[in-house]
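Peer 1:
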Amino acid sequence: MTLTTTDPNSARARHARPPLWRNTAVLKWFVQIIVLLAVLAAFWFFAAQARNNLSAKGIPVSYDWLDDPANIQLGEGIQTVDDPDGRRLTMSRALWVGMVNTLRIASIGIIAATAIGVVVGIARLSNNWLARKVSSIYVETLRNIPVLVQIILWLAILGSLGKLTVDSGPIPGWVIVSQKGISIPRVFFADGFYQFLSMLAVFAVPIWWVRRRMRRTQEEQGGTQRIGSVTFALSLVAVVIAWFANPVMAFLGPVFDGISDAWAVIPQGLMQAVLSIVAVLAAVTWIRRFLDSRRTPAGLAKLIDDDWFRMIFAGIAALLAVFVVVRGWPGLSSWIINSGSDLFGVIGDKFGDGRGSRPLDAMKPTLSEGRFVNYGPTGLTMTVFYASLFFGLVFYTSSFIAEIVRGGIQAVPAGQSEAAAALGLNRRQALRKVVLPQAFRVIMPPLGNQYLNITKNTSLGIAVGFSEIVQVGQTVYNKNSQTLAVFSIYMIFFLACSLTISFVVNTINRRLAIVER
-3 MTLTTTDPNS ARARHARPPL WRNTAVLKWF VQIIVLLAVL AAFWFFAAQA RNNLSAKGIP
57 VSYDWLDDPA NIQLGEGIQT VDDPDGRRLT MSRALWVGMV NTLRIASIGI IAATAIGVVV
117 GIARLSNNWL ARKVSSIYVE TLRNIPVLVQ IILWLAILGS LGKLTVDSGP IPGWVIVSQK
177 GISIPRVFFA DGFYQFLSML AVFAVPIWWV RRRMRRTQEE QGGTQRIGSV TFALSLVAVV
237 IAWFANPVMA FLGPVFDGIS DAWAVIPQGL MQAVLSIVAV LAAVTWIRRF LDSRRTPAGL
297 AKLIDDDWFR MIFAGIAALL AVFVVVRGWP GLSSWIINSG SDLFGVIGDK FGDGRGSRPL
357 DAMKPTLSEG RFVNYGPTGL TMTVFYASLF FGLVFYTSSF IAEIVRGGIQ AVPAGQSEAA
417 AALGLNRRQA LRKVVLPQAF RVIMPPLGNQ YLNITKNTSL GIAVGFSEIV QVGQTVYNKN
477 SQTLAVFSIY MIFFLACSLT ISFVVNTINR RLAIVER
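With our numbering, you'll find the sequence shown wraps up at 513, consecutive numbering, no jumps.
1) Would you kindly report the start and end of the unbroken beta strand (DSSP E) that includes Gly177?
2) Taking Cβ positions, are Ala234 and Leu271 nearer each other than 8 Å?
3) Below 8 Å, can you find three or more Cβ-Cβ pairs linking the stretch 82 to 93 to the stretch 457 to 471?
4) Beta-carbon separation of Ile255 and Phe340 under 8 Å?
5) Determine the burial state of Lys176: buried for a count of at least 16 other Cβ atoms within 10 Å of its Cβ, exposed for fewer.
6) On the CB-based measure, 16 or more other CB atoms within 10 Å of its CB, does Ser103 come out buried or exposed?
7) When the Cα atoms are used, what is the spatial distance from Ala459 to Val226?
8) List the residues that DSSP assigns as beta-bridge partners of Tyr371.
9) Please state whether DSSP places Asp64 in a helix, a strand or coil.
10) Would you say Asp303 and Arg291 are within 8 Å of each other, going by their C-beta atoms?
11) Leu183: buried (16+ other C-beta within 10 angstroms of its C-beta) or exposed?
12) Between which two residues does the alpha helix (DSSP H) holding Ser289 run?
13) From Ser498 to Ala398, what distance separates their C-alpha atoms?
14) In angstroms, rounded to a whole number, what distance separates the CA positions of Asn449 and Val408?
15) Report buried or exposed for Thr496, applying the criterion of at least 16 other Cβ atoms within 10 angstroms of its Cβ.
16) State whether the stretch 162 to 180 contacts the stretch 428 to 435, with contact taken as three or more CB pairs (one from each stretch) at a distance under 8 Å.
17) Suppose you measure from the CA of Gln264 to the CA of Thr379; what does that come to, to the nearest Å?
18) Please classify Phe185: does DSSP put it in a helix, a strand, or coil?
19) Can you give me the start and stop residues for the alpha helix (DSSP H) that Leu491 sits inside?
20) Measure the Cβ-Cβ separation of Ile333 and Ala310 and say whether it is below 8 Å.
21) Can you tell me the Cα-Cα spacing of Thr76 and Gln69, whole angstroms?
22) Quick one: measure Cβ to Cβ for Ala383 and Leu154, integer angstroms, because I've assumed they're closer than 8 Å.
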């Protein structure tokens, strides 16, 4: 009888790995690394060339000019000129005013565009013929007209309104519309608002504890604990108490002032070290959480090439951040120190000395009469430049959001609506309790893209003279020729806005996702 033996060496030879030039994993890594290095080299080359060309013309690229006086007057914002109380409008302060204007119009525009888009999107599926046709005309018209054209069109419409007079309407004393803008009654934060908010934050801790305890009791013993009703009642009591007793929190004003003074004396080297440590810790934390997400009851799952690439990329990003902080942009530390000190100083000023206890107040719009009639400081006034940019962005973006909402509703299986009808829910109740909660799982990802678009499209305000970050930055680099430095601030600002919006949208999307058991 002949015995057949298996040679381990021959089996190992048959299953040997392919050579490196045919290994798909090696080739994929090699190509990605080459592309990454090529992109970084190209970026470094163009930045170095721009720096050398500007230096040859006597314009060295730096950020020392941020503390220089701006000597400009901005169109609108939290500060337009040098304040009489001594706060000068520096270059960094001017850019900050532009950032605040951008964030203001983007945040309010996101809320308004979402509200209009949801209503129009639902109306497109309405059984009412008129509502369905009007919403269809709205969407098909506005989304096919370039947003810049709409912004300029609104500027022309608002600029052709009547002159501002003491009898301007349509509701004199309440709603005033003219070629100088729109003014309506304004609800604003009064002296006690920040004390009121801080006291609510204190009350939120015991309310959260009671809610958590009631939920745990319900899970253990069953029954109806009326968690929502109790939470609402406690919150209402907290609001009433904080409304009248908020002056006791005025002691936080000197605390924030002390933090502002301490922040201002932080050495620049220490701030660089802190930023570097934060970047490294962020990368380590992300890698640790990523590895935890790959763990199974049997242990750590086998990592694929993409997993290794993500972790390596996170480490490289942390090292690049450290390099930028220490060598690439040393002025970043001083800017953070100055901005942080100013921020805590502003918060400390908001607490004041406890004068008054009213958190909110309201004022009707008024007019200042003189050689020219202008809007007074009491009403909520949108200049014609702000209003044209706002209306253009909101109506244009809401047309896309309406289509996203319509598609999300239609993506919900018809059986869900039929099941809701079988339970006795009417169309409105089914839409609110059954269809929309499921539709938003489909709606959120593309909705986040529209939020990014409306934030980045605020830069079109330069076409109508609105003082957003791009328009202010153009004025700044026209004065000091620091084009490259200003554009780097543009990039960092819009990158931070985009990452923040993406983080919020992704967090909401994860909360809405169905958890499989």
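Cβ atoms here follow ideal geometry from the backbone N, Cα and C, with glycine treated the same way.
Peer 2: Taking the geometry as given:
1) Translated into positions along the sequence shown, residue 177 becomes position 181. First-last of the beta strand (DSSP E) with Gly177: Gly177 to Ile180.
2) In the sequence shown, residue 234 corresponds to position 238, counting from 1. In the sequence shown, residue 271 corresponds to position 275, counting from 1. No, these two residues do not count as a Cβ contact at 8 Å.
3) yes
4) What you label residue 255 is simply residue 259 of the sequence shown in a count that begins at 1. What you label residue 340 is simply residue 344 of the sequence shown in a count that begins at 1. Cβ distance < 8 Å, so Ile255 and Phe340 count as in contact.
5) As a working mapping, residue 176 is identified with position 180 in the sequence shown. Counting Cβ neighbours within 10 Å, Lys176 comes out buried, since at least 16 surround it.
6) Position 107 of the sequence shown, counting from 1, holds the residue named residue 103. It is exposed - the Cβ of Ser103 has fewer than 16 other Cβ atoms within 10 Å.
7) Sequence index remark: in the sequence shown, residue 459 carries index 463 (1-based). Sequence index remark: in the sequence shown, residue 226 carries index 230 (1-based). Answer to the nearest angstrom: the Cα atoms are 52 Å apart.
8) Here the question's residue 371 lines up with position 375 in the sequence shown. DSSP, once it has assigned bridges, lists Leu363 as partnering Tyr371.
9) Looking up residue 64 in the sequence shown gives position 68. Coil at Asp64, not helix or strand.
10) The residue you call residue 303 lines up with position 307 of the sequence shown. The residue you call residue 291 lines up with position 295 of the sequence shown. No, the pair does not count as a contact, with Cβ atoms beyond the cut-off.
11) Within the sequence shown, the letter at position 187 stands for residue 183. In the sequence as displayed, the identity of residue 183 is Val instead of Leu. It is exposed - the Cβ of Val183 has fewer than 16 other Cβ atoms within 10 Å.
12) Along the sequence shown, read from residue 1 onward, the residue named residue 289 stands at position 293. Run containing Ser289: Gln264 to Ser289, per the alpha helix (DSSP H) assignment.
13) Within the sequence shown, numbered from 1, the residue matching residue 498 stands at position 502. Within the sequence shown, numbered from 1, the residue matching residue 398 stands at position 402. Their backbone Cα atoms lie some 20 Å apart in a straight line.
14) Mapped onto the sequence shown, residue 449 falls at position 453. Mapped onto the sequence shown, residue 408 falls at position 412. C-alpha separation (whole angstroms): 26 Å.
15) Stepping through the sequence shown from its first residue, residue 496 is reached at position 500. By the neighbour-count rule (16 or more Cβ atoms within 10 Å), Thr496 is not buried but exposed.
16) no
17) Translated into positions along the sequence shown, residue 264 becomes position 268. Translated into positions along the sequence shown, residue 379 becomes position 383. Approximately 40 Å, taken between the alpha carbons.
18) As a working note, residue 185 is residue 189 in the sequence shown. Note: Phe185 maps to strand in three-state DSSP.
19) One-based indexing of the sequence shown puts residue 491 at position 495. Here the alpha helix (DSSP H) through Leu491 covers Thr479 to Leu508.
20) In the sequence shown, residue 333 corresponds to position 337, counting from 1. In the sequence shown, residue 310 corresponds to position 314, counting from 1. Not closer than 8 Å, so no.
21) Counting from 1 along the sequence shown, the entry for residue 76 is found at position 80. Counting from 1 along the sequence shown, the entry for residue 69 is found at position 73. Rounded to whole angstroms, Thr76 to Gln69 spans 5 Å at the Cα level.
22) Against the sequence shown, residue 383 aligns to sequence position 387. Against the sequence shown, residue 154 aligns to sequence position 158. Going by Cβ atoms, the distance from Ala383 to Leu154 rounds to 6 Å, so yes, they are a contact pair.
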